[in-house]
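Worksheet: the structure to be examined is printed underneath.
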Amino acid sequence: MQRYGCKGLFAALSATALLLTAAPSPGLAANERFVLISHAPDSDSWWNTIKNAIKQAGEDFDVSVDYRNPSNGDLADMARLVEQAAARNYNGVVVSIADFSVLKKPIEMVVAKNIPVITINSGTQQQSEQLGALMHVGQPEYDAGFGAGQKAKAAGIKSFLCVNHYATNPSSFERCRGFAEAIGADYKKSTLDTGIDPNAVESKVSAYLRNNPGTQAVLALGPDSAVPSLRALQKMGLKSKLWFATFDLSEDIANGIKDGSVQFAIDQQPYLQGYIPVAILALSRQLKTNDMSVLQEKLKASPKFQARLAEYGLAPIYGPRHISSGPGYITRDNLDKVLKYAGQYR
Amino acid sequence: MNTTELLARHRLPGPHADGDERMRRESLVSRLLGRPEFASLAGAILVFIVFALSAGDSGMFNLDGVINWMQVAAYLGIIAVGACLLMIGGEFDLSIGSMIGFAGMMVAIPTVYFGWPFWLAVLFAFAGSMLLGWLNGYLVMKTRLPSFIVTLAFLFILRGLTLALSILFANRTIVSGVGERAAHDWLGQLLFTGNVGTGLFSWLARHGWIATVNGGAPLVAGIPKVILWWALVALAASFVLARTRLGNWIFAVGGDAVAAKNMGVPVRQVKIGLFVFTAFCACLFAVLQVADFGSAAADRGLQKEFEAIIAAVIGGALLTGGYGSVIGACFGALIFGVVQIGITYTNLSSDWFRVFLGVMLLVAVLFNNFVRRRITEAK
């Protein structure tokens, strides 16, 4: 019995060792290995799009990319993963700036080892530059609000209500400010801190609209504020009469876009936050340059990249150094395509 | 019967021909094998072999790689020591992880929002956590409910309080800005922030014996203080356990509390003291982490209670109490840290991460159990 136990144990052990060594480096002659470190816990499905994106970018540019995340979403664990990436001497590191103060030291350690870093998703372009990263790929909050505001201005909007359900994050106000400055409104008077409770959102929105009957438009900062706001509008008989836009997509918002009560949803196009950093790192290693203008030109010229953009209906916004993954707009015209790829590539 | 006769009788051939078995001299090897921590030492060696084979050339065993996983092991090791003593004493604490989050906030909120000096906030956090640990122990002893249930309640209460109070005082769930204050505070500087042996490391770097970065500065500035804290807590706890009356009491209350009480052991005080010590370890974890990262967050320490208990169990502690070893728990923490970080050095997809973590832990525990059984049967 004991002998059997012993044998079984060694079988299990050798199987583990074998699996660990033989684990997927899927057939590619890839000697370049990058890593993308996110702050999301395992349960966060939003990052699935980014996981798919790095896989496809790896195929297109013939590199291998690991995806790492703290399984509980604990940023202290994430910091250890970044240090680990430095110790492993990856050829490039892609990391989200989930919290500047926590990740500063570990990211600087990666930079100190001359490993190129690209930051994505949360954090600002300034923080990215301060950390010594090559570039940042994200959706600048102000620009996203401003872009939506310009569309509203074209539709003749001069006043609006910004429904902010997560005022605890200071960057949320940037979205309202961008929109307000695009249409020339006072953002402080137009912003409502509603909290996350749907009933509270609904009653606060209807109270605001009763007090300010001249309001022409509503901007919601996400499904949590958009859905109760739409319900408030419906009860007041204003649905489809007020100009309505929101950040991010959900099923209710998709229905709103279909029936015309929602003009568009602002999408930060996460696929690009996975694909572009990997592509840029691969090109930078290949061409042995960190010159962003050269690298961006090469990226734009890549037929494989263009094919992916066309297939999924994505459009990045190129800057001199940083690339913005959004805002992208989901309207009635491209809704079907977005819904087809939702959760996978959109 | 005189003494000579007695000795003569003893020399007669019979079942005890070699003399009393308790007086038998054991070889060094068999004495080593008999220690409770040997099994987890063997498990740790096994895990190192697996990773040396699968990730040996990946930088995992370079200096910066070693410091990286040693830190993970050290943080876990600190709470594993507390959990281990408590388990030997026959009780559980499931509120360790929540205590870490709560203690972190007790340091961060007063420093950042009330303008307290860092040292005062640290003392406040230690006092607060140990009081909560006392409350845990008091409730367990008073109600005679299983500690599993009582501390499970505190798992939720403390996690909830961490979130609610951080929103109340700071209106956010991550409180940053502690790092600077800790680094310029005498207590923080002395005990919690930075590294030890920076002089030695830069001397080694100047001679080119360790890796350097751009300016010639050493890549690894020194040994993080958390590793020394781990060693200190582990040595102190194993000394107490092995060499003092208190150590005997801990084994006694965990083995059979009623018998211990009849023998005159202050069962209640010992158990409550162990809860306080566990809370102390959780708070030490939190203070070191806050000083290291410069911030506290409402989700810090999530599920650490399970990791601490796993480390103690790998280290040979019995879930039923009365048996275990602090050094074993430290090897348990080392195994956990090496596996957790080591997996990221292999080319595994992170989707499989938890599966392999679980398999590796199972293999380590089985191996460990197998070694222990062989030893105890061979005796």
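Going down the list, the sequences are from chains U and D. The first sequence begins at 696 in the numbering used here and counts up one residue at a time. The second sequence begins at 254 in the numbering used here and counts up one residue at a time. In this text, a Cβ means the ideal position worked out from N, Cα and C, and glycines have one as well.
Option in the options with minimal Cα separation from residue i
i	options	result
residue 509 (chain D)	D:573, D:385, D:301	D:573
residue 447 (chain D)	D:543, D:405, D:332	D:543
residue 827 (chain U)	U:1008, U:997, U:1029, U:985	U:985
residue 776 (chain U)	U:802, U:817, U:795, U:755	U:802
residue 811 (chain U)	U:975, U:874, U:1001	U:975
residue 842 (chain U)	U:870, U:858, U:820, U:815	U:870
residue 882 (chain U)	U:864, U:896, U:730, U:857	U:857
residue 987 (chain U)	U:786, U:829, U:935	U:829
residue 890 (chain U)	U:973, U:904, U:867, U:912	U:867
residue 1007 (chain U)	U:821, U:991, U:1039	U:1039
residue 420 (chain D)	D:551, D:601, D:430	D:551
residue 607 (chain D)	U:848, U:736, U:1029, U:753	U:736
residue 1015 (chain U)	U:840, U:820, U:815	U:820
residue 948 (chain U)	U:993, U:926, U:983, U:933	U:926
residue 863 (chain U)	U:907, U:916, U:905, U:899	U:916
residue 967 (chain U)	U:874, U:897, U:994, U:914	U:994
residue 530 (chain D)	D:282, D:490, D:596	D:490
residue 764 (chain U)	D:620, D:374, D:593	D:593
residue 320 (chain D)	D:541, D:480, D:568	D:480
residue 451 (chain D)	D:433, D:369, D:474, D:427	D:474
residue 371 (chain D)	D:435, D:539, D:523	D:435
residue 566 (chain D)	D:308, D:609, D:453, D:345	D:345
residue 502 (chain D)	D:361, D:414, D:343, D:424	D:343
residue 426 (chain D)	U:849, U:875, U:887, U:769	U:769
residue 576 (chain D)	D:596, D:517, D:504, D:555	D:504
residue 789 (chain U)	U:758, U:1025, U:732, U:861	U:732
residue 315 (chain D)	D:432, D:622, D:463	D:463
Closer than 9 Å at the beta carbon, the chain D residues around residue i
i	result
residue 677 (chain U)	The question about residue 677 (chain U) has no answer, for chain U in this structure spans 696 to 1041.
residue 770 (chain U)	427, 546, 548, 550, 552, 553
Closer than 8 Å at the beta carbon, the chain U residues around residue i
i	result
residue 556 (chain D)	767
residue 598 (chain D)	779, 783
residue 432 (chain D)	796
Contact set between residue i and chain D, taken where Cβ atoms lie within less than 8 Å
i	result
residue 764 (chain U)	603
residue 808 (chain U)	466, 472
residue 775 (chain U)	321, 324, 325, 594
Per-residue burial, residue i [other beta carbons within 10 Å of its own, 16 or more giving buried]
i	result
residue 562 (chain D)	buried
residue 717 (chain U)	For residue 717 (chain U), the pLDDT reaches just 46, beneath the cut-off of 50, and the residue's location in the model is therefore unreliable, leaving the point undetermined.
residue 795 (chain U)	buried
residue 719 (chain U)	Below a pLDDT of 50, predicted positions are generally treated as unreliable, and residue 719 (chain U), at 44, falls in that range; the measurement from the model is reported next regardless. Burial call: exposed.
residue 439 (chain D)	exposed
residue 724 (chain U)	Confidence in residue 724 (chain U) is poor, its pLDDT being 41 and thus under 50, which makes the residue's placement too unreliable to answer from.
residue 506 (chain D)	buried
residue 400 (chain D)	buried
residue 941 (chain U)	buried
residue 262 (chain D)	Here residue 262 (chain D) scores only 45 on pLDDT, less than 50, and its place in the model should not be relied on; the value that follows carries that caveat. Residue 262 (chain D) should be labelled exposed.
residue 831 (chain U)	buried
residue 999 (chain U)	exposed
residue 721 (chain U)	Confidence at residue 721 (chain U) is low in this model, with a pLDDT of 41, below 50, so the placement of that residue is unreliable and no value is reported for it.
residue 281 (chain D)	exposed
residue 661 (chain U)	Nothing about residue 661 (chain U) can be reported from this structure: the residues present for chain U run from 696 to 1041 only.
residue 437 (chain D)	exposed
residue 616 (chain D)	buried
Nearest-angstrom Cβ-Cβ length linking residue i and residue j, presumed shorter than 8 Å
i	j	result
residue 854 (chain U)	residue 909 (chain U)	6 Å
residue 745 (chain U)	residue 760 (chain U)	About 10 Å; that fails the 8 Å criterion.
residue 587 (chain D)	residue 297 (chain D)	5 Å
residue 823 (chain U)	residue 793 (chain U)	Contact doesn't hold; Cβ gap of about 13 Å is too wide.
residue 409 (chain D)	residue 389 (chain D)	About 13 Å separates the two Cβ atoms, so there is no contact after all.
Under 9 Å by beta carbon: chain U residues contacting residue i
i	result
residue 429 (chain D)	794, 795, 796, 797
residue 469 (chain D)	Those do not exist, as residue 469 (chain D) stays about 12 Å from chain U at its closest Cβ, beyond 9 Å.
Residue-level contact to chain A via CB, residue i, 8 Å cutoff
i	result
residue 534 (chain D)	Of the protein chains in the structure, U and D, none is chain A.
Determine which residues of the segment 305-337 of chain D have a Cβ less than 9 Å from any Cβ of chain U, and write them out in chain order.
306, 307, 308, 311, 312, 313, 315, 316, 317, 318, 319, 320, 321, 322, 324, 325, 328
Taking only beta carbons into account, state which residues of the segment 539-556 of chain D come closer than 9 Å to chain U, listed in chain order.
542, 545, 546, 547, 548, 550, 552, 553, 554, 555, 556
Short-range partners of chain D found in the segment 833-850 of chain U, where Cβ spacing is below 9 Å
none
What are the residues in the segment 951-983 of chain U lying within 9 Å of chain D by C-beta distance?
none
Short-range partners of chain U found in the segment 606-617 of chain D, where Cβ spacing is below 9 Å:
606, 607, 609, 610, 612, 613, 615, 616
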